[in-house]
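Asker: Sharing a structure with you now.
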Amino acid sequence: MSDLYNVSSSSHVRDKDTSARIMLYVIIALMPASVFGVINFGIRALVLILVCVAVCVASEWVFEKLIHKKSTINDFSAVVTGLLLALNLPHTLPIWQAVLGSVFAIVIVKMLFGGLGQNFMNPALGARCFLLVSFAGTMTSYTYDGVTGATPLALLKSGEYEYVDTMKMFLGTTAGTIGETSVVAILIGAIILIMLGVIDLKIPASYIISFTVFILLFNGNGFEVDYLTAQLCGGGLMLGAFFMATDYVTSPITPMGKIIFGVLLGILTGLFRLFGANAEGVSFAIILGNLLVPIIEKFTIPRAFGQKKEVKQHE
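Right under this line is the structure:
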């Protein structure tokens, strides 16, 4: 037997589902939210989606050409990043800012750390947080039906939840980012991912349940059903729970680690929403959780069969 081994970075092919096929599944699952976003916000939303996807793919291709590395755009991960980033942006965002965010997602967050399998946080959410910090005005300006106004979460934050229509939030006919408004469209995509075996429910379920418990305990309104359902339907909670928190590269691989990760995200999102300055919180919760994944995996990795726990010898 040869002593030479082929060592490669993740993600590793373990069955018939290659990285490219999994990314295609994710793209298909994101179609309901994408199509609804275009119908809901118009041609401007479609332009933003196409720009983000095109710039992400081009950024990856150019970067790999410059460093003389084999092109990896055929794995469709750059397409997924561009699509997720666009769905997390308001449709009124200036095109040049979307271009800047797309380049940041691919070059800074993904490629400088080695590409797919090496990035330490979700590239799309890293870019969204970068844009939020850099261009808070345009990133938090939402227009619906030609009227600029507060999002439902902003109304909840100000204590005006009696003006929030939960059914509109569930269906998606309200202000927000391109892909986060329609819970129905997101859940259709989530069901597709679950049925195809791309994700399981450990992270999304523990995320949503822990967030619900946190809101019930600390919202100051008691068990207010309308308030709770509005919090669950508002912002990017559902999109983040099913499509970004479950990212293979930046989430734990151990069963217990996934549950701990989901609970951590639920608590952080609740903290940011109830006690933070911003009405949202999903993006920052997930990227902070991404940073803690190595620690979570270290303490939740199963012990190998037959391995005994070390016992300290006392003299």
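Count along the sequence shown from 1, then add 34; that gives the number in the working numbering. C-beta atoms are modelled at their ideal positions from N, C-alpha and C, and glycine is treated no differently. Owing to the predicted nature of the structure, the values given are computational and were not obtained by experimental measurement.
1) Quickly, what does DSSP pair Val137 with across the bridge? List them, please.
2) Within the stretch 278-322, note down every full alpha helix (DSSP H) run reaching 4 residues or more, in order along the chain.
3) Any idea if Thr182 is buried or exposed, counting beta-carbon neighbours within 10 angstroms, 16 or more meaning buried?
4) Between which residues of its own chain and Ala112 is the CB-CB distance below 7 Å, once the five residues before and five after are set aside?
5) Do you know how far the Cα of Ser136 is from the Cα of Lys104?
6) So Ile355 packs on Ser240, CB below 8 Å; how close in whole Å?
7) Does the ligand ZN have a heavy atom nearer than 6 Å to the CB of Thr215?
8) Give the secondary structure of Val181 by DSSP, where H, G and I count as helix, E and B as strand, and everything else as coil.
9) From Ala67 to Glu331, what does the alpha carbon distance come to, in whole angstroms?
10) If we ignore side chains and look at the alpha-carbon of each, how far apart do Tyr375 and Ile61 end up?
11) What does the alpha-carbon distance come out to for the pair Leu146 and Phe164?
12) Checking 7 Å against the spacing of the C-beta atoms, do Val283 and Asn153 come in under that value?
13) For Tyr197, which residues of its own chain have a beta-carbon under 8 Å away from its beta-carbon, when the five flanking residues on both sides are left out?
14) From the DSSP output, in three-state form, read off Asn74 for me.
15) Helix, strand or coil, according to DSSP, for Tyr176 in the structure here?
16) Report yes or no: do three or more beta-carbon pairs, one from the stretch 235-252 and one from the stretch 292-308, lie closer than 8 Å?
17) Taking the alpha helix (DSSP H) that Thr246 belongs to, which residues open and close that run?
18) Around the Cβ of Pro336, are there at least 16 other Cβ atoms within 10 angstroms (buried) or fewer (exposed)?
19) Taking the CB atoms as reference points, tell me whether Thr177 and Thr126 lie closer together than 7 Å.
20) For Thr115, name the three-state secondary structure that DSSP assigns.
21) Of the choices Thr172, Phe97 and Gly315, whose alpha-carbon is the least far from that of Trp130?
22) What does the Cβ neighbour count give for Val167, buried or exposed, with the cut at 16 atoms within 10 Å?
23) Using only alpha-carbon positions, find the residue among Asn74, Gly148 and Leu64 that is nearest to Ile101.
24) Using a Cβ-Cβ cutoff of less than 6 Å, which residues in the same chain neighbour Ser216 once the five nearest sequence positions on both sides are dropped?
25) Would you check if the distance between the CB atom of Ile226 and the CB atom of Ala63 is smaller than 7 Å?
26) Quick check on Asn74: buried or exposed, where buried means 16 or more other Cβ atoms within 10 Å of its Cβ?
27) Give the single residue among Ile242, Leu58 and Ser53 whose Cα lies nearest to the Cα of Gly304.
28) If we count the other Cβ atoms within 10 Å of its Cβ and call it buried at 16 or more, is Asn156 buried or exposed?
29) By the three-class DSSP mapping on this structure, what secondary structure does Ile329 have?
Answerer: On the basis of the data shown:
1) Beta-bridge pairing links Val137 to no other residue.
2) The qualifying runs are 289-309.
3) exposed
4) Cys90, Val91, Glu94 and Ile140
5) 21 Å
6) This structure does not reach residue 355, given that the chain is present from 35 up to 349, and the question cannot be answered.
7) Absence of the ligand ZN is noted for the structure shown, with no ligands found whatsoever.
8) In the structure shown, Val181 sits in a strand (DSSP, three-state: E or B).
9) 32 Å
10) In this structure the chain extends from 35 to 349, so residue 375 is not present and cannot be described.
11) Answer to the nearest angstrom: the Cα atoms are 16 Å apart.
12) yes
13) Leu189
14) helix
15) coil
16) yes
17) Boundaries of the alpha helix (DSSP H) around Thr246: Lys236 to Phe252.
18) exposed
19) Result yes, Cβ atoms of Thr177 and Thr126 sit closer than 7 Å.
20) Reduced to three states, the DSSP call for Thr115 is helix.
21) Thr172
22) By the neighbour-count rule (16 or more Cβ atoms within 10 Å), Val167 is not buried but exposed.
23) Gly148
24) Phe70 and Gly206
25) yes
26) buried
27) Looking at the Cα atoms, Ile242 is the closest of the given residues.
28) buried
29) helix
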